[in-house]
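Protein chains in written order, with full-length UniProt numbering: chain A, 1 to 520; chain B, 1 to 520; chain C, 1 to 245; chain D, 1 to 245.
Every residue gets a Cβ at the ideal spot worked out from N, C-alpha and C, and that includes glycine.
In this text the structure is predicted, and so the values were computed from the model without any measurement.
Worksheet for the structure shown next.
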Amino acid sequence: MTAKLALDADQVARARELAAIAGAPVVELARSHTTVAVERATLRLAGLGGADPDGIPWVNRLVSAVVEQVGLEHGVSGPVFGALARGDSTDLVALAQRAAAGSVDFTVPAGKARTAAHRLGTRAVRDGLRTVDRRRAERERLVKRLGDPPQRPWIYLIVATGDIYEDIPQAQAAARAGADVIAVIRSTGQSLLDYVPEGATREGFAGTYATRENFRLMRAALDETSKELGRYVRLTNYASGLCMPEIAALAGLERLDMMLNDSMYGILFRDINPVRTFVDQRFSRQIHARAGIIINTGEDNYLTTADAVEAAHTVTVSQLLNEFFAHEAGLPDAQLGLGHAFEINPDVKDSFRLELAHALLARELFPDAPLKWMPPTKHMTGDVFRGNLLDGFFNLAGVLTGQSILLVGMMTEAVVTPWLSDRDIALQNVRYVLDSCGGLHEDFVPAPGGFVQKRAATVLAEAVTLLERITDEGLLSSIADGTFGIMKRPPDKGRGLDGVARRADDFWNPAVALLDGGAA
Amino acid sequence: MTAKLALDADQVARARELAAIAGAPVVELARSHTTVAVERATLRLAGLGGADPDGIPWVNRLVSAVVEQVGLEHGVSGPVFGALARGDSTDLVALAQRAAAGSVDFTVPAGKARTAAHRLGTRAVRDGLRTVDRRRAERERLVKRLGDPPQRPWIYLIVATGDIYEDIPQAQAAARAGADVIAVIRSTGQSLLDYVPEGATREGFAGTYATRENFRLMRAALDETSKELGRYVRLTNYASGLCMPEIAALAGLERLDMMLNDSMYGILFRDINPVRTFVDQRFSRQIHARAGIIINTGEDNYLTTADAVEAAHTVTVSQLLNEFFAHEAGLPDAQLGLGHAFEINPDVKDSFRLELAHALLARELFPDAPLKWMPPTKHMTGDVFRGNLLDGFFNLAGVLTGQSILLVGMMTEAVVTPWLSDRDIALQNVRYVLDSCGGLHEDFVPAPGGFVQKRAATVLAEAVTLLERITDEGLLSSIADGTFGIMKRPPDKGRGLDGVARRADDFWNPAVALLDGGAA
Amino acid sequence: MIVRPYGDTTGDGMVQVSFTLPVPHDRRAEGAALQLAGKMGLDPAMVVHAKQMGTGFTFFVVYGRVSHLVDTDRVTVVERDFPLLAAKDVNAAVRSRLRRKLVVVGACIGTDAHTVGIDAILNIKGVAGEKGLEYYRELRVVNLGAQVPVPDLVRAAGAEKADAVLVSQVVTQRDAHLHNTREMSAAFREAFPAARRPLLVVGGPRFDEAMTGELGVDRIFGRGTTPREVASYLVHALIERKKAA
Amino acid sequence: MIVRPYGDTTGDGMVQVSFTLPVPHDRRAEGAALQLAGKMGLDPAMVVHAKQMGTGFTFFVVYGRVSHLVDTDRVTVVERDFPLLAAKDVNAAVRSRLRRKLVVVGACIGTDAHTVGIDAILNIKGVAGEKGLEYYRELRVVNLGAQVPVPDLVRAAGAEKADAVLVSQVVTQRDAHLHNTREMSAAFREAFPAARRPLLVVGGPRFDEAMTGELGVDRIFGRGTTPREVASYLVHALIERKKAA
Ligand code: B12
Ligand code: B12
Ligand SMILES: Cc1ncc(COP(=O)(O)O)c(C=O)c1O
Ligand SMILES: Cc1ncc(COP(=O)(O)O)c(C=O)c1O
């Protein structure tokens, strides 16, 4: 894409600089804290899986036991691998079982015990990370062999039956019908669970539980379909929530390809404590970076609670923050699926041209990021005929502005989670627009100084102003003020705060060490 | 609209010149013949209405009687007004009744009788034309008082229940919902009737009979609605067919605002004799010119039988011919609703860009004509969801290329004549596109030498080549060859030929005299 | 096999319905919409969209579950009960068995002017990649075109000694296609002794193929018919069956 | 009044239906679609579109006539049986009759996180140009937000001495909204003696407003509810009715 907006380069640079200033203290926060989820994720990387007979994962049992005895601030790996090193159990599962029964004494190992624990823990986690590496290499091989989608944007479809065994055939059907990316929507409420359920599940509400086994089943099914189609079909799930780091680890281990992972979504939309979120987010993104997983950020959500015209600049600001945090966590531009959405009230005069301005602004601010373009949801109604039309114009805006990943809108958005036929109709819509207007961006030349260019400049200017305010106030205070999505979230409130601890001086976590160190 | 296609001005001029050369012999044909329909139309202008107890209009009875006795070639007005002048009856209806009973002897009057007949006939027809003039002035007053639609394109909607009393509330509802022009579709088969039915009708198939009373009822209803809405709502009906001149006269008398009137439609799609059509067409257009009625030509029809890409240039050629014939008959550009349509198979790669090229070509060739942009029909299927989408892109093409009159597409095109709700959904579609993309043409700038410009140049070049062939062969032979819409129509075949006569030396028709003379 | 509509889960029975009721939009109207949905078997039913049109009509979109079962074994369809032949087999059959050209007269009758469908079957150009009947060397095709009055058709069939008459009807408003077809078949019955009556075939996108009896014709072809199907049927009905008889 | 669906003519009974059947597309599948349409009361019915999706499913669009009659007099709707009050009248009623602030506790319960609807009712900002309940001086509003477990809600209602509890449910897949509402009302019945139980109000776009009995709540509000309706209802139910009793 050649530049069509004539953006002011200085202002763009200024915006990035401000985002870095606003983000720096939060990175510091993340580097100086740990959470139960980070610790559990570490144990998962170290190979601990499964759950007790009540379905409580062993990682939860084990971390709880350690935290109870020695607190969280040292990291659980020292105590856990110390116990293993001293022969308390033969492996992590056995240890977790014994710990659950109350028969292990955990201590923060010191001296030689410390060295032994660290060696054991590092080796275990390194093995886990190597599996992640192998999965990544596997993906690269498959993409090489089978090929990427022939067109941009990639077509991204959701399935959401709640039952993995209904999801699978629907996902395969969607892929055959043209989907390049399948996202399995998660059951409502899972993001508030402070554990990751186990096994294949059939009982989700409006989505299917994210479990390692469900990941595996779906990935295997899509591998099959990929071969059949001669095109690598990507799989997406959600990291966000109280288990962000763990789900990121499982996704890396099961070769998911994309993950919903936003630096602020959990705070704003699930009332998860800000500190908890920022700490979890950084760790999870480090794993995504390692796994070659593309993150999908959640700016679209702001526009479901705030007005898409008034709040357009908050999307830009959030994208810049997500970019900063992602880079810091090691994610290159190619893994940055920054989100934005077609959510302007269609009754607003010139709404489509406003959408074009916003979409092009994101495109030109982040030229190398695989932007994720989200369909209308808020202003969809039960009028499914109008809905399909609106989705068509959303698709057109995507094509005209060179978006990278197109989340396919459903005419039944306001009615039900998508039906099989909804997806088919939606894909047909996308295909029509892509095939009939594929090259139309050639003829889309915003008039110099015209409506589109002016609107983009306004949004950018508003974003800079807001970023200036945020750097003044601090990001955490801004979040507390309701800057994003009109949600007010103070740093000392929200779910999961009790699972956060400032790292003690002797804090040790082999995953953190390996990931921060960069080597493994 | 600024020029976006960089058309070759010489080639455009050449195309017009060729069309004039091709059309000239046909104009000569029209000037040297008359038809029963022209004669009946003349009697209608002179004030003869009504029908016999079998529903056969008095104009038909009277013309038949004259033709039987003295032939058609002199025109019927001499014999008819001669009979009146000599006191055979007090008025035209009485004369027709007597003639039907076989009790009038018609002769072509000569000498004094001729002078008296001509005076009487001229006065009667002039009265009729004055009524047409009054209707026109009335329209101009109403438009001035109530206003034209605030936007372009004007929104053109059809009603087609078959029952004038269902049509009326539907038309009013459509106008209230935003229609600027209402077209009452005619019953199938009416165009093959060699008479115009009488009275209010409720029994049409897939359309309502065009009758003077139906015209009057609908115009009155829409006048009411126009006042209610503060916007003059236009009314359209069909002239084409065996009664083209008569219907044109009735439309002028009842203040219709637009009329389907194509120079070749009847020939190609109703197998009406070419000579009959061309003669009727010229007379009817003279009346339209007088009445200030905008004609709608029928190039869209070619694309329902021929392929819209392959035959794109035949549309251009036909538009040029229609333009030539219209100008010759006295119609200014402002009354030239030349037709074209969005009928490319939507599965064709780049179909939308091809549509843009074609639509823009028409726009730039006829910058001052109120072009009528017709929706997809041929490639509409029973998939009404897709249908509504396609109609949305049709609307968009109309907006991007500055079309003047937008015939609103219906999602049920392949299923039923439009339902009330179809129209509502369709209007909502139009409104969305107009409101959200109204100014988007500002940003639509076909790349110089790019896909759109190239395609337009190709079509224009093909049109010139075809026009060259037509000027070589003669238009009538080209029509016989299947040049348009793949229909082969030789000049000596087809319906209504027996109602055509070469004008005799003493031919006299007061309407022809007044219209050709220009004065009245 | 018993099946049910499928929304997103096997057996969920979900369907979408839309319609207009001649009432202004209010709560009572929505209740009326639910009442209708209920009578159609939707339970539960949700009115997900309601929009007043003008003053006295409201358009509704309703989603809901039906408990109707569909028994695919009890579906009666007009299955193709003849083999699908290649053009050369059609020609061969006519040549060897009939020993003269098989005559087909086609038309759009009544006021219907939609010739694209019958032309697709008859003209060389054909449809969907298949050539039309004119392409078959052993068939003689007379295409009378659009808006042919029934008496003209009967006369032409007699004059051409038609083996089969192919009639197209596309306009269906007020059941025009049914009326016209009935009028046509009655006219042929009147004009020809049963043994010499040509085979009567009608086609068009909105016919129910099972209505041959009611309409007095030998065969009905619907949406998406191809020329080869028609040619094969003609061989089957005029040659194979005659042989059998 | 007896009415019928309206396509383009009074009484024509025309409706549009779409659904998927778990069968591949062939003639039999179209027959199956017609069978279902028939059971829904469409006669005649036309399959106007059929498209196979994947290997084992076909999507159908069917148009047709139903002969069901809709009797608008037999529609039972939850009519607004209370006067719609202006904010100042609501405040006046509370002040003069209750003589203390009326306490409203609101929440999205279960795993539902769709707060936009309840916020539209409660927050000052409101919806459709009407301010939310927080704007009413004599109401005290406690909005607990999203994904509130039922026990927490019951506890909060007790602690705040809630006069009314307003619960929102938007997710309806697998009838989540019905389960959660039933669980909620049962918990309140358990926790409070009948006389002291707060008024229970639920809302959301997919509720059937007539289900109060089944769900054990006092009132249900559906799509497009406005804050003023809710405030007026609260006055009616908590003040006017009490006075009457
Ligand atoms: C093209 C077209 C026209 C052209 C016709 C040109 C021509 N020479 O045929 C023109 C522009 C002239 C036209 C005019 C009108 N049309 Co028209 N037209 C159509 C359109 C767009 C496509 C029809 C078509 O060509 N289909 C393609 C062919 C190949 O398909 P088919 O006809 O189904 O044929 C196949 C099968 O059915 C079968 N078949 C058909 N006939 C036969 C016969 C035999 C013997 C056999 C074996 C098989 C067979 O085989 C064919 C090949 O597979 C349809 C809408 C649509 N998208 O369907 C409207 C449509 C048919 N038209 C309609 C109407 C009402 C009219 C008009 C009255 C008014 C108007 N809306 O303009 C006029 C007047 C026509 C008249 N007097 O009959 C309506 C009919 C409504 C109804 N159900 O009653 C439709 C559905 C549009 C609408 N929704 O209003 N039309
Ligand atoms: C905004 C939105 C979101 C936002 C919510 C933000 C927030 N803080 O609320 C976000 C992005 C977070 C979200 C997430 C999800 N959503 Co969501 N979301 C929507 C959306 C687009 C709009 C809902 C809305 O805000 N409507 C506007 C409000 C004002 O209307 P309302 O809720 O109907 O409220 C009015 C009345 O109903 C009534 N009312 C409502 N509650 C109450 C309560 C009382 C007491 C009273 C008196 C009245 C009342 O008054 C209100 C004002 O008139 C809908 C689709 C749509 N267009 O409807 C999907 C939708 C509701 N979401 C859905 C789903 C499945 C989800 C997810 C599970 C997965 C996903 N698809 O993303 C997640 C998880 C949510 C969870 N755990 O619950 C589905 C639900 C399907 C179903 N029927 O079961 C929908 C329908 C989309 C779909 N087709 O898949 N979503
Ligand atoms: C970034 C991000 N994470 C997570 C989710 C979903 O979260 P939950 O599972 O809590 O509904 C969304 C919502 O679409 C999102 O945008
Ligand atoms: C120019 C023109 N005249 C007339 C008609 C309709 O003719 P008929 O009434 O014969 O169907 C059409 C069809 O749309 C047309 O385009």
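By the rule that beta-carbons nearer than 8 Å mark a contact, C:Tyr-6 touches chain D.
Leaving aside the five residues that flank C:Val-61 on each side, the residues in its chain whose CB is nearer than 6 Å to its CB run, in chain order, Ser-18, Val-48, His-49. Around the CB of A:Thr-483, 16 or more other CB atoms lie within 10 Å, so the residue is classed as buried. With 16 or more neighbouring CB atoms inside 10 Å of its own CB, B:Glu-254 falls in the buried class. In the structure shown, B:Asn-60 falls within a helical segment according to DSSP collapsed to helix, strand and coil. Only buried fits A:Ile-287, as 16 or more other CB atoms lie within 10 angstroms of its CB. Residue burial annotation: C:Lys-161 is exposed, with fewer than 16 other C-beta atoms found within 10 angstroms of its C-beta. Taking 9 Å as the cut-off between beta carbons, none of the residues of the region 103–130 of chain D comes near chain B.
Going by DSSP, D:Pro-151 is part of the alpha helix (DSSP H) stretching over 150–159.
C:Thr-111 and B:Gly-266 have their C-alpha atoms spaced approximately 14 Å apart. Each residue's CA atom was taken as its position, placing A:Leu-460 and A:Ile-479 some 20 Å apart. Nearest in C-alpha terms to B:Asn-261, of all of B:Asp-223, B:Tyr-209, B:Thr-236, is B:Thr-236.
Across the set A:Leu-5, A:Asp-498, A:Arg-176, the C-alpha of A:Asp-498 shows the shortest separation from the C-alpha of A:Thr-277. B:Pro-367 is classed as exposed because its beta carbon has fewer than 16 other beta carbons within 10 Å across all chains shown.
Look at C:Phe-221: its beta carbon is less than 7 Å from one of the heavy atoms in ligand 1.
In the assembly as shown, B:Ala-117 is a buried residue. Its beta-carbon has 16 or more other beta-carbons within 10 Å. Annotation: the continuous alpha helix (DSSP H) that includes D:His-177 extends over 176–191. For B:Phe-269, the CB falls within less than 7 Å of some heavy atom of ligand 1. Proximity of C:His-179 to chain D, defined by a Cβ-Cβ separation below 8 Å, is not satisfied. Three or more Cβ pairs closer than 8 Å define a contact, and the region 20–32 of chain C falls short of that threshold against the region 174–188 of chain D. Your pair A:Asn-214 and A:Met-258 does not check out as a contact, with CB atoms roughly 16 Å apart and the cut at 8 Å.
Nearest Cα to C:Gly-158 within the set C:Arg-174, C:Val-202, C:Gly-106, C:Arg-137: C:Gly-106. Three or more Cβ pairs drawn from the region 109–128 of chain B and the region 36–50 of chain B lie within less than 8 Å of each other, which places the two stretches in contact. Its chain contains Leu-356, Leu-440, His-441, Phe-444 as the residues whose beta carbon lies nearer than 7 Å to that of B:Leu-400, once the 5 sequence neighbours on both sides are disregarded; these appear in chain order. For the region 401–416 of chain B, the beta-carbon criterion of a distance under 9 Å to any beta-carbon of chain D is satisfied by Thr-412, Ala-414, Val-415, Val-416. Between A:Ile-344 and the set A:Val-384, A:Asp-300, A:Ala-362, the nearest pair of CA atoms involves A:Asp-300.
Placement of the Cβ of B:Leu-260 at a distance of less than 7 Å from at least one heavy atom of ligand 4 is found. About 16 Å separates the beta carbon of B:Glu-203 from that of B:Ala-51, a gap too long to meet the 8 Å contact definition. The criterion of a C-beta distance shorter than 8 Å is not satisfied by B:Val-275 and B:Leu-95. In the three-state reduction of the DSSP assignment, D:Thr-58 falls in the strand class, which pools E and B. Close to B:Val-317, with beta-carbon spacing below 7 Å, lies no residue of chain D; the smallest spacing is near 35 Å. Within the same chain, Cβ atoms closer than 7 Å to the Cβ of B:Val-93 are found at Leu-48, Gly-50, Trp-58, the five residues on either side in sequence being excluded. Between the C-alpha atoms of D:Asn-91 and D:Ala-128 there is a straight-line separation of about 21 Å. Counted as a single uninterrupted DSSP element, the alpha helix (DSSP H) harbouring C:Asn-91 occupies residues 87–93. For A:Asp-424, the neighbours in chain D by C-beta distance under 8 Å run, in chain order, Lys-51, Met-53, Phe-59.
Within chain A, Asp-271 have C-beta atoms less than 9 Å from the C-beta of D:Gly-145, given in sequence order.
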